[in-house]
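Protein chains: 2
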Amino acid sequence: MKTAASKARQAQGDKSHQAILEEAVHLASVEGLEGLTIGRLATAIGMSKSGLFAHFGSKEGLQLATVEAARSIFVDKVIAPAFKAEKGLARLNRLCDIWFDYAESHVFRGGCFFAAAASEFDSRPGRVRDRIAEIMREWFGLLSQSISEAQEAKEFDPTVDPVQLAFEINSLEIGANWALQLFDDQNAFKRAREAVFARLKAHSRRRKSGPKAPGKKRKAS
Amino acid sequence: MKTAASKARQAQGDKSHQAILEEAVHLASVEGLEGLTIGRLATAIGMSKSGLFAHFGSKEGLQLATVEAARSIFVDKVIAPAFKAEKGLARLNRLCDIWFDYAESHVFRGGCFFAAAASEFDSRPGRVRDRIAEIMREWFGLLSQSISEAQEAKEFDPTVDPVQLAFEINSLEIGANWALQLFDDQNAFKRAREAVFARLKAHSRRRKSGPKAPGKKRKAS
DNA sequence: CCTGAAAACGAACGTTCGTGCTATATTGCG
DNA sequence: CGCAATATAGCACGAACGTTCGTTTTCAGG
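Here's what the structure looks like:
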């Protein structure tokens, strides 16, 4: 059996793997997933081209791994924190709020990773494109589901179409990211935030008989 | 003087020039402005790499010329027709309406040329990026100015911030283009149209004392 | 210490890219 | 016809790309 020995050696390999992908995600958010070059990535991380290449087997493998790593970061930085809020209007608000924080704070150096990746691969068929589309569908689903849940909790106007509103919110987010990257226009985020929360507020409903400060989990900080 | 002779020869050159750029615009809207390769463009148009190259002197020259050609098409297909409507609410409505027609009708094979180009070059400094940003500013300016003019004509709610609304409209347009390209989601355009015109309608005002059918220019067709 | 597998390396391959340099058609003018 | 100018073609270059291959380093377990 090689379990113990291989595991030990593999630990080092995984560390490299992770270090590579951390750099890859940032490089790709600036230069694009295709502009992300194996050679440049290797020198950026202080490794040989072939050594790095062996980790992924192909460029497509590297791109897929990079997309997956970016998704993990997005889940950690946006989705998980938002899900600490209780289901319903609170979570919906948090989801939008945290997204803007995330995009503004340059979690990825070149703005929202997926906005860039989706534009780049939208007319380039293959597994990378398929995975990106899948992830974006997840995000859309999350948004519209949060809206639905707010409606079910009687905290949100039941006549609005969740998918329609999710589309509008996502468009404003993409528009903001777009204006920030192209114009360095910081105001774009103010505008998008304003537009999103104006819509959310306009459709918000007080819960009819709930207590004034309902069972919201409150963090220590 | 070389005027006559050179002009005659130049006529042939200009014909090639135009034919090249027509193909370049479509190729670039699919593959991106960087993916637009001199070699591929040359074979696509049945010309030698060097022969084509001589027309533009550099890849950047080709990219700039392609951007300019795309702008011309956009002006012809969107701006000019919209400007046949009279200044004010009519023109604002036409501007939005025609934009959706334009994006849906695949005037550029790969969706809105500028949405793609802006995403691609937003973190790639240089003359190409600068020109694209300039053109997008033109478009923003046109949108917000049309809103202002509708306000001045008392046809639109004077309390809305033209720049804010222009930002929202543009975001919805980009979001629709984005969803169409990534998901092949035809509904995205229906959604975006709905969202845009809901906002326009919500803020529209009847002119207070104007005749029922004011001096609108009516086309023959 | 020795072994053997995992990890990283270095050099090379074939391709494609942008870009020069030189030569050949084409065409109106004198 | 020959001239001058323009358009296009042919060819070669250096660089960068993804990829392959054989070798060397590293290190836990026997």
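Residue numbers (my numbering), protein chains in the order written: chain A, 1 to 221; chain B, 1001 to 1221.
From the three backbone atoms N, C-alpha and C, an ideal C-beta is built for every residue, glycine too.
Mapping the DSSP letters down to three states, classify residue i as helix, strand or coil.
i: A:S204; result: strand
i: B:F1156; result: strand
i: A:L36; result: coil
i: B:P1125; result: coil
i: A:G210; result: Low per-residue confidence applies at A:G210: pLDDT is 46, beneath 50, and the placement is therefore not dependable enough to give any value.
i: B:A1085; result: coil
i: B:G1110; result: coil
i: A:G141; result: helix
i: A:Q186; result: coil
Taking the alpha-carbon positions, what's the residue i to residue j distance?
i: B:A1028; j: A:L172; result: 26 Å
i: A:S119; j: B:V1078; result: 23 Å
i: A:A93; j: A:A82; result: According to the sequence displayed, residue 93 of chain A carries Asn and not Ala. Those two C-alpha atoms are separated by around 9 Å.
i: B:R1199; j: B:V1030; result: 32 Å
i: B:F1074; j: A:D101; result: 35 Å
i: A:D185; j: B:A1042; result: 38 Å
i: A:G35; j: A:D14; result: 24 Å
i: A:K87; j: B:V1107; result: 44 Å
i: B:A1097; j: B:V1196; result: The identity of residue 1097 of chain B in the sequence shown is Asp, whereas the question assumes Ala. Those two C-alpha atoms are separated by around 9 Å.
i: B:R1207; j: B:Q1164; result: 23 Å
i: B:S1016; j: B:E1138; result: 29 Å
i: B:K1084; j: B:R1127; result: 33 Å
i: B:K1059; j: A:T159; result: 53 Å
i: A:A179; j: A:K201; result: 24 Å
i: A:M136; j: A:L52; result: 28 Å
i: B:S1105; j: A:D122; result: 17 Å
i: B:S1072; j: B:M1047; result: 24 Å
i: A:E23; j: B:T1037; result: 28 Å
i: B:K1190; j: B:R1129; result: 31 Å
i: B:G1057; j: B:E1152; result: 47 Å
i: B:L1095; j: B:P1162; result: 15 Å
i: B:D1076; j: B:W1099; result: 12 Å
i: B:Q1181; j: A:Q181; result: 20 Å
Starting from residue i, trace the alpha helix (DSSP H) both ways and give me its first and last residue.
i: A:R91; result: L89 to E104
i: B:E1120; result: F1113 to F1121
i: B:E1168; result: P1162 to F1183
i: A:Q63; result: K59 to F74
i: B:F1053; result: K1049 to F1056
Measure the Cβ-Cβ separation of residue i and residue j and say whether it is below 8 Å.
i: A:L143; j: A:I174; result: no
i: B:K1049; j: B:G1061; result: no
i: A:V67; j: A:R124; result: no
i: A:A70; j: A:V25; result: yes
i: B:A1188; j: B:A1176; result: yes
i: B:A1133; j: A:F114; result: no
i: B:A1103; j: B:G1110; result: no
i: B:S1148; j: B:R1091; result: no
i: A:H203; j: A:F140; result: no
i: B:A1117; j: B:L1021; result: no
i: A:A150; j: A:L64; result: no
i: B:R1205; j: B:K1154; result: yes
i: B:A1080; j: B:I1045; result: no
Going by the C-beta, is residue i closer than 7 Å to any heavy atom of the ligand SAM?
i: B:F1108; result: With respect to the ligand SAM, the structure offers nothing, as it holds no ligand at all.
(request) Give, in chain order, every residue of the region 132 to 152 of chain A whose Cβ lies closer than 7 Å to some Cβ of chain B. (result) A133 and M136
(message) Which residues of the region 96 to 116 of chain A have a Cβ closer than 7 Å to any Cβ of chain B? Give them in chain order.
(response) G110 and A116
(message) Residues of the region 1188 to 1205 of chain B in Cβ contact with chain A at a cutoff of 8 Å, in chain order, please.
(response) A1188, R1191, A1192, E1194 and A1195
(request) Could you list the residues in the region 1025 to 1037 of chain B with a C-beta less than 9 Å from some C-beta on chain A, going in chain order? (result) S1029, V1030, E1031, G1032, E1034 and G1035
(request) With 9 Å as the limit, tell me which residues of the region 118 to 130 of chain A have their beta carbon closer than that to any beta carbon of chain B; keep them in chain order. (result) A118, S119, E120, F121, D122, S123, R124 and R129
(message) Please list, in chain order, the residues of the region 1150 to 1170 of chain B that have any C-beta partner in chain A closer than 7 Å.
(response) Q1164, F1167, E1168 and N1170
(request) Check distances from the C-beta atoms of the region 175 to 189 of chain A to those of chain B and list, in chain order, the residues that come in under 8 Å. (result) G175, A176, W178, A179, Q181, L182, F183 and A188
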